[in-house]
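For reference, the structure discussed in these notes is given below.
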Amino acid sequence: MRISELSRRSGVSVTTIKYYLREGLLPAGRQTAATQAEYDEQHLRRLRLIRALTGVRGLSVSTTRDLLDALDQHTGDTHLTLGLALGAIRLAEEPAEQAPEAAEVDALVKELGWDVHESAPARAALAETLASLRSLGVPRDWHTLLPYARLAERTAVLDLDQLDGIEDPLELAEHALLLTVLLEPALLALRRMAQENESARRHTEH
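So the sequence shown is numbered by my numbering: it starts at -8 and just counts up by one.
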């Protein structure tokens, strides 16, 4: 396809596509003339993933390029592909000062029997949450998170079930990213609605 069709099918402007080509995010097309090139379905899939990474995850162009390079290097490793696309796995090990609550997160992961990398950003997020609760006078430890973690397990099964059968790594990464990031506000909204319903069930007269 010509660059104009690539733009139409991807929803990305020709100007932006040319920028991605210059920055090395998108590989060059097959040259057909001095100023013309043809592009294929792989270009379309990669462009859609770029749009998801920059628009949905909010990554910079340079970080997106590094992530795409990492995905190219590990083609065939589905677990790593999903981890990189979703930000569950860091591109590089970044030493960080661990809060005391990090040990509690380790205990939670061990109790659950989960396979979660030690540098996973979600570990730090949980530790910070526990620290914040305590600073506000709400004493909570990792045991409090156990029932929520079990619910999260069931959600993860639903998420991964929807990715079954997608073999192309670029398409897999795009679908995983959109499914996870775009559904998170819906999950929060459902929780609020369920809380309202449960409050009405407990506290209102019928």
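Backbone N, C-alpha and C define an ideal beta-carbon position, used for all residues, glycine too.
| Asked | Found |
| --- | --- |
| Ser(-2) classed as buried or exposed, judged by whether at least 16 other C-beta atoms fall within 10 angstroms | buried |
| Spatially closest choice to Thr55 from Gly78, His34, Ala93, Thr146, by CA coordinates | Gly78 |
| Between the CA atoms of His70 and Gly156 - distance to the nearest angstrom | 14 Å |
| Host alpha helix (DSSP H) of Arg192 (start-end) | 160 to 194 |
| Residues bridged to Glu29 (per DSSP) | Arg21 |
| Three-state class that DSSP yields for His108 in the structure shown | coil |
| Opening and closing residue of the alpha helix (DSSP H) in which Leu71 lies | 69 to 77 |
| Three-pair Cβ contact test at 8 Å for the stretch 146 to 166 versus the stretch 34 to 45 | yes |
| Sub-8 Å separation of Val148 and Arg48 beta-carbons | no |
| Closest Cα partner of His108 within the set Ile80, Pro91, Ser123, Thr120 | Ile80 |
| Beta-carbon proximity list for Leu179, same chain, < 8 Å, skipping 5 on both sides | none |
| Residue from Leu58, Ser4, Val3, Met(-8) with nearest C-alpha to Gly20 | Met(-8) |
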